[in-house]
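Chains as they are written, first to last, in the numbering used here: chain A, 1 to 332; chain B, 333 to 664.
First the structure, in the form of structure tokens, and then the observations on it.
Number of protein chains: 2
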Amino acid sequence: MPELRKDPVLGRWIIIAKERGKRPTDFIISEPDTRGGFCPLCPGNEKTTPAEVLGYGPEGRTPNTPNWQLRVVPNKYPALVIEGELQKEGEGLYDKMNGIGAHEVLVETPNHDETFTQLPPSRMVKIFHAFRDRILDLEKDPRFKYVMIFKNHGRAAGASLEHSHSQLVALPILPRMIVSELAGALSYYKYKERCVYCDIIRQELNERKRIVCENEHFLVITPYAPRSPFEMWLLPKRHTSRYTNQTQETFTALSEIFSETMRRLETCIPNVPYNLVLHSAPLRTEEMKHYHYHFEIMPKLTSIAGFEWGSGFYINPTPPEDAAKFLREAQI
Amino acid sequence: MPELRKDPVLGRWIIIAKERGKRPTDFIISEPDTRGGFCPLCPGNEKTTPAEVLGYGPEGRTPNTPNWQLRVVPNKYPALVIEGELQKEGEGLYDKMNGIGAHEVLVETPNHDETFTQLPPSRMVKIFHAFRDRILDLEKDPRFKYVMIFKNHGRAAGASLEHSHSQLVALPILPRMIVSELAGALSYYKYKERCVYCDIIRQELNERKRIVCENEHFLVITPYAPRSPFEMWLLPKRHTSRYTNQTQETFTALSEIFSETMRRLETCIPNVPYNLVLHSAPLRTEEMKHYHYHFEIMPKLTSIAGFEWGSGFYINPTPPEDAAKFLREAQI
Chain A
1 MPELRKDPVL GRWIIIAKER GKRPTDFIIS EPDTRGGFCP LCPGNEKTTP
51 AEVLGYGPEG RTPNTPNWQL RVVPNKYPAL VIEGELQKEG EGLYDKMNGI
101 GAHEVLVETP NHDETFTQLP PSRMVKIFHA FRDRILDLEK DPRFKYVMIF
151 KNHGRAAGAS LEHSHSQLVA LPILPRMIVS ELAGALSYYK YKERCVYCDI
201 IRQELNERKR IVCENEHFLV ITPYAPRSPF EMWLLPKRHT SRYTNQTQET
251 FTALSEIFSE TMRRLETCIP NVPYNLVLHS APLRTEEMKH YHYHFEIMPK
301 LTSIAGFEWG SGFYINPTPP EDAAKFLREA QI
Chain B
333 MPELRKDPVL GRWIIIAKER GKRPTDFIIS EPDTRGGFCP LCPGNEKTTP
383 AEVLGYGPEG RTPNTPNWQL RVVPNKYPAL VIEGELQKEG EGLYDKMNGI
433 GAHEVLVETP NHDETFTQLP PSRMVKIFHA FRDRILDLEK DPRFKYVMIF
483 KNHGRAAGAS LEHSHSQLVA LPILPRMIVS ELAGALSYYK YKERCVYCDI
533 IRQELNERKR IVCENEHFLV ITPYAPRSPF EMWLLPKRHT SRYTNQTQET
583 FTALSEIFSE TMRRLETCIP NVPYNLVLHS APLRTEEMKH YHYHFEIMPK
633 LTSIAGFEWG SGFYINPTPP EDAAKFLREA QI
């Protein structure tokens, strides 16, 4: 069973994934690329993954057989495990709990060589539906406080399988990043009685220096203080703290703007490795006036070195105003 | 002039290094390795770096000429610049300041192919002296609040030059990581009236499960909640918040334990890329009862992917108890 452990100074939690138990020699050679090898996410190989928890396909399709458009399966090597009661325990001055959670893989397309960016909006929208469906399902489990949804594209961004997929991790604690965001946003709200993200949207729409693209429902910007070159934030124009709080119309608009955003990025920097993360309110919370769900897209273009590790801040060689201009002017 | 910008939600600062101003095409091919090429840090090439701010060599040596054992020079491509007054400014709801600071490179050896780990303690000690000398000098500048000292070894850990070196960055703000450490340590102190790091040392010496090595003055452990496999913390056994607060005897002991630690790591994982960071109290602070200076050594063995970006916590496949055992038993 994996273990969650807390740093006694910083309060930072880490997951010790014992089952992956790596020895020194495991680190000497980096993992081989899977291109050309066996792919457990390809149609026909459904039996090599754990049984699917969600599958979209033609009506009447049998689960765990081919002929799907999208599937969600438990991760075969999960960072957290679904069975058991949450147990918190001390170890001298240290704190730990058992690694209860869910770790799922969302296979975005049956086609091995098709990337997220290549999907037309009409197919990409199914991924956004699946995010919602999985959050709503996992939310029923009272052990979980948050569902982290993310995508790693490219080996440099941490992808270990080539076949296009996203991941969902349901957590028994609120991740530190979300705690900090909620605290920062609440403190702004208390001072101004306005949502900080709504204020960002207003200022960006007014200044138009960091806009990448927009439609009726969504705005994509390069944030004012980006950690990495070409970092982008995708925000709903209408305030809401919960990703799941969407209509069919906004889902369609989300897919269209996402497709445009990713094509702009890919045109500027072909084959760019990136991480994509959904930031949404904690599970089972009422609509919050101070928090605003959004996506963050982080191209992996600079390395995290001693300075970033030690300081917690980042050196970025590309001003976001320049990045936004390149992205806006990309011929897509 | 570089710019410091603050994220309006998280309060996180980032440095926009405009002078490095990278265009999309700059990211397509990664930087070439310098092996075999021209090395600005090698003896004979002193004129290709900015004039040295510190040099150790035989008495009477002329600065910026060969025959040195160690030199410190300003970074030719600094993340922050030394000239100017600190100016803070708003930009709508955003905050920024000009990028005033110092960015120096400490060349650890005249021999291009000699690594930090290969240096005998009698030569390594000069590096630790130079850290102290530079901190004491930069501390005189009232614009600076902190000196971050770090080392990137290996391309995967962010090193762009192969010749063994460390870096010093003097900052006009306290880095977020140090702010969090100080806050966490203070809150523990208020509750327990003991230093959390001293308590960690006591528990580790008692349990002996995570000890890598020790001598009279220093203890090296794998921390209870490590971010990465084989992460190590090197702590002085006697409480002090300031790195500069050392005797000749502790400097000698520091070099001996550091040399042993690095050789243990290198034996377990040959050619391991790593980051090394000194965590010490802010400049011009009196001795603090709640803070304890230390070094953190982070092997770069796992990738920081969407999960880590989005959550701020880490998945580590190697329990620190296993890592400590491998390191302890390494035949050095």
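Where a beta carbon is used, it is the ideal one built from N, C-alpha and C, also for glycine.
All of these numbers come straight from a predicted model, not from anything done at the bench.
Residue i - DSSP class collapsed to helix/strand/coil
| i | result |
| --- | --- |
| alanine 434 of chain B | strand |
| proline 340 of chain B | coil |
| valine 272 of chain A | coil |
| lysine 325 of chain A | helix |
| glutamine 331 of chain A | coil |
| lysine 458 of chain B | helix |
| aspartate 473 of chain B | coil |
| isoleucine 133 of chain A | Before going on, a small fix: residue 133 of chain A reads as aspartate here, not isoleucine. In this structure, aspartate 133 of chain A counts as helix in the three-state DSSP scheme. |
| methionine 564 of chain B | strand |
| proline 299 of chain A | strand |
| phenylalanine 218 of chain A | strand |
| glutamate 640 of chain B | helix |
| phenylalanine 448 of chain B | helix |
Residues near residue i in its chain [Cβ-Cβ closer than 6 Å; skip 5 each side]
| i | result |
| --- | --- |
| phenylalanine 295 of chain A | Leu234 and Leu278 |
| leucine 518 of chain B | His622 |
| isoleucine 346 of chain B | Arg337 |
| glycine 376 of chain B | Pro398 |
| serine 259 of chain A | Pro121 and Met124 |
| lysine 88 of chain A | Met97 |
| isoleucine 481 of chain B | Phe463, Leu500 and Leu610 |
| valine 107 of chain A | Leu41, Arg71 and His165 |
| threonine 109 of chain A | Ser164 |
Cβ-based neighbour list, residue i, same chain, cut-off 7 Å, excluding 5 preceding and 5 following
| i | result |
| --- | --- |
| threonine 34 of chain A | Interpretation of threonine 34 of chain A is limited by its pLDDT of 49, a score under 50 that renders its predicted location unreliable; the figure taken from the coordinates is listed afterwards. So the list reads Leu161 and Glu162, once near-sequence residues are dropped. |
| glutamate 446 of chain B | Ser496 |
| isoleucine 348 of chain B | Pro334, Glu335 and Arg337 |
| glutamate 286 of chain A | none |
Own chain residues within Cβ distance below 8 Å of residue i, not counting five before or after
| i | result |
| --- | --- |
| glutamate 581 of chain B | His549 |
| alanine 488 of chain B | Pro605 and Lys632 |
| lysine 524 of chain B | Asp531 |
| serine 228 of chain A | Met298, Pro299, Lys300, Leu301, Thr302, Tyr314 and Asn316 |
| glutamate 363 of chain B | The pLDDT assigned to glutamate 363 of chain B is 46, lower than 50, so where the model puts this residue is not dependable; a value taken from the coordinates is nonetheless given after this. Cβ within range, chain order: Ser492. |
| valine 212 of chain A | Val220, Ile221, Thr222, Met232, Thr261, Arg264, Ala324, Leu327 and Arg328 |
| tyrosine 189 of chain A | Cys195, Val196, Lys289 and His290 |
| serine 311 of chain A | none |
8 Å contact criterion, which residue i and residue j should meet: CB distance rounded
| i | j | result |
| --- | --- | --- |
| asparagine 484 of chain B | glycine 306 of chain A | 5 Å |
| lysine 477 of chain B | isoleucine 432 of chain B | Not quite, the Cβ-Cβ distance comes to about 11 Å (not below 8 Å), so this is no contact. |
| proline 50 of chain A | lysine 76 of chain A | 6 Å |
| proline 453 of chain B | glutamate 588 of chain B | 5 Å |
| valine 437 of chain B | valine 405 of chain B | 6 Å |
| phenylalanine 562 of chain B | threonine 650 of chain B | 7 Å |
| arginine 738 of chain B | proline 410 of chain B | Because chain B in this structure spans residues 333 to 664, residue 738 of chain B falls outside the shown range and cannot be described. |
| serine 241 of chain A | alanine 183 of chain A | In fact, because the Cβ distance is near 14 Å, the residues do not count as touching under 8 Å. |
| arginine 71 of chain A | glutamate 52 of chain A | 5 Å |
Min CB distance residue i to chain C below 8 Å
| i | result |
| --- | --- |
| lysine 22 of chain A | No chain C is present in this structure, whose protein chains are A and B. |
Problem - Contiguous alpha helix (DSSP H) assignments of at least 4 residues, all confined to the stretch 153–210 of chain A - result: For the stretch 153–210 of chain A, whole alpha helix (DSSP H) runs of length 4 or above, ordered along the chain, are 176–192 and 196–207.
Handout entry: Sequence ranges, beta strand (DSSP E) only - wholly within the stretch 14–90 of chain A, length at least 3
Key = For the stretch 14–90 of chain A, whole beta strand (DSSP E) runs of length 3 or above, ordered along the chain, are 54–56 and 70–74.
Practice task
Using a Cβ-Cβ cut-off of less than 8 Å, give me the residues of the stretch 160–175 of chain A that come near chain B, in sequence order.
Solution key: Residues of the stretch 160–175 of chain A with a Cβ closer than 8 Å to any Cβ of chain B, in chain order: Gln167, Val169, Leu171 and Pro175.
Handout entry: Contacting positions in the stretch 438–453 of chain B - beta carbon closer than 7 Å to chain A
Key = Within the stretch 438–453 of chain B, not one residue has a Cβ closer than 7 Å to any Cβ of chain A.
Exercise for the section: Could you name the residues of the stretch 175–198 of chain A whose beta carbon sits closer than 8 Å to any beta carbon of chain B, in the order they occur along the chain? Expected result: Residues Pro175, Arg176, Met177, Ile178, Ser180, Glu181, Gly184, Ala185, Tyr188, Val196 and Tyr197.
Handout entry: Length at least 3, wholly inside the stretch 232–266 of chain A: the beta strand (DSSP E) runs in chain order
Key = Here the runs fully enclosed are 232–236.
Practice task
Give, in chain order, every residue of the stretch 409–442 of chain B whose Cβ lies closer than 7 Å to some Cβ of chain A.
Solution key: Taking 7 Å as the cut-off between beta carbons, the residues of the stretch 409–442 of chain B near chain A are Ala411, Gly424, Leu425 and Tyr426, in sequence order.
Handout entry: Interface residues of the stretch 550–568 of chain B facing chain A [CB-CB below 8 Å]
Key = So the close ones are Pro555, Tyr556, Ala557, Pro558, Arg559, Pro561 and Phe562.
Practice task
With 7 Å as the C-beta to C-beta threshold (strictly closer), list the residues of the stretch 285–315 of chain A near chain B in chain order.
Solution key: Along the stretch 285–315 of chain A, going in chain order, the ones with a CB nearer than 7 Å to a CB of chain B are Met298, Leu301, Ser303, Ile304, Ala305, Gly306, Phe307, Trp309, Gly310, Ser311, Gly312, Phe313, Tyr314 and Ile315.
Exercise for the section: For the stretch 140–158 of chain A, enumerate the residues whose C-beta is nearer than 7 Å to any C-beta of chain B, in chain order. Expected result: Of all residues in the stretch 140–158 of chain A, the ones placed with a Cβ closer than 7 Å to any Cβ belonging to chain B are Met148, Phe150, Lys151, Asn152, Ala157 and Gly158, in chain order.
Problem - Where the stretch 3–22 of chain A meets chain B: residues whose CB sits under 9 Å from a CB there - result: Of all residues in the stretch 3–22 of chain A, Glu3, Leu4, Arg5, Lys6, Asp7, Pro8, Val9, Leu10, Gly11, Arg12, Trp13, Ile14, Ile15, Ile16, Ala17, Lys18, Glu19, Arg20, Gly21 and Lys22 have a Cβ within less than 9 Å of some Cβ in chain B.
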